[in-house]
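If you're matching positions, the sequence shown starts at 1 in my numbering and goes up one per residue. All residues carry an ideal CB built from backbone N, CA and C; glycine is no exception. All values derive from a computational prediction rather than experimental measurement.
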Amino acid sequence: MKNEVMNDGGSIHIYFANKYNEFVAFGISAFQAMKTLKAKEIELTQDYSTEFQMPMVIISKRQLDELKYGGVTLKGTIEGQYYHLQSFIMMNEEAYDAWAQFLRA
């Protein structure tokens, strides 16, 4: 979760989660992934992780491909396990806080 504590909104960190057999993103990464795909009219499954105490989204392989090839830059990867994408969407802290509170409720 160190990646999310240090995330200023310029990064989207995505991890493969065996628990879901899908990719996931947490915190600001989840918010930025959701906003990026929403602009393409693609909705992500949203939830609040009690384990990590932050919002999360579940990302299918198809949705991950949409992210990787549309509107972001791949900065690093451990193929099939972790992706670091650069986000070009402006971070809105107030919108993020409202979203996090909504999911936590």
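query                                                                                       : result
For Val72, the nearest candidate out of Leu64, Glu79, Trp99 (CA to CA)                      : Leu64
Contact the region 67-87 vs the region 46-53: 3+ CB pairs below 8 Å                         : no
Cβ contact check for the region 14-23 and the region 34-44: 3 or more pairs under 8 Å       : no
Met56 vs Val5 beta-carbon contact at 8 Å                                                    : no
Residues that Glu22 bridges to, as DSSP identifies them                                     : Ala17
Whole-Å CB distance - Ala33 paired with Ile59, under 8 Å assumed                            : 7 Å
DSSP bridge partner residues for Tyr111 (one or two, in chain order)                        : The shown model of the chain, from 1 to 105, leaves out residue 111, and the question about it has no answer.
Own chain residues within Cβ distance below 6 Å of Tyr83, not counting five before or after : Ile14, Thr77
Three-state secondary structure (DSSP) of Gly114                                            : The structure shown does not extend to residue 114, since the chain spans only 1 to 105, so no value can be given for it.
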